Structures are given as structure tokens and as C-alpha cells.
Amino acid sequence: MFERTSEILKDHKMDSNSFQLQFAVYRNYNSKEDKLLQSSPWETKPHNLRAFMNTIGVEGGWVNEAIEIGLWHANQEHEREPITQVILI
């Protein structure tokens, strides 16, 4: 995905580093406070995101997920600098 995006940006004479992704992981409310929300820095390199994801483990798994914590994080990031899309999985 990064490679294709980089090609498209270059074709349109745009900086290939203008496309950035951040991964944020939100969990269930029974997770420890420091694990409820974890996020990577904004990245232009896929290997950095992969390294972040390699630090993430499964935790919690019962009761409701803290989706509003994930949305709160997206809003905080948007206030810092506008973001154009949020994808929840």
C-alpha cells in the first residue's frame, strides 16, 4: 500500500512523505490502564508500523471494547493536525 501510494503521489508531483499512517490499538475495559490505548507515531515507512505492531499482544477479551477511547484519540490527533480518514477494524 505504501509503495503504490508513493507512486501515485510522485506521478502527481507531490512529496511521497505527505502520506502518513498511525496505528492505534484500543482494548476492552478490563485491560490495564496503560494498555487500554496504545498508538504508534505517524509514519511514512511501513517497517516502522510493523515494528510497532510487533510490540502489541492480545489482552482483555471480555466485556465491552473501549471504542470511544479510540475515537477520542482520533479527535485529539485531529485537533493537533487535521486528519482526513479514520478506519476502525
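Under UniProt numbering, the first residue of the sequence shown carries the number 1, and numbering increases by one thereafter. For each residue, glycine too, the CB sits at the ideal point set by N, CA and C. If you're wondering where the values come from, they're calculated on a predicted model, not measured in any experiment.
Are residue i and residue j close, meaning C-beta to C-beta below 9 Å?
i: Glu68; j: Asn28; result: no
i: Gln22; j: Glu43; result: yes
i: Gly57; j: Tyr26; result: no
i: Ala24; j: Ala66; result: no
Would you give the residue range spanned by the beta strand (DSSP E) that residue i belongs to?
i: Gln38; result: Leu37 to Ser39
Which residues share a DSSP beta bridge with residue i?
i: Glu65; result: Asn28
i: Glu43; result: Leu21
Starting from residue i and walking both ways along the alpha helix (DSSP H), at which residues does that stretch end?
i: Ile8; result: Phe2 to Asp11
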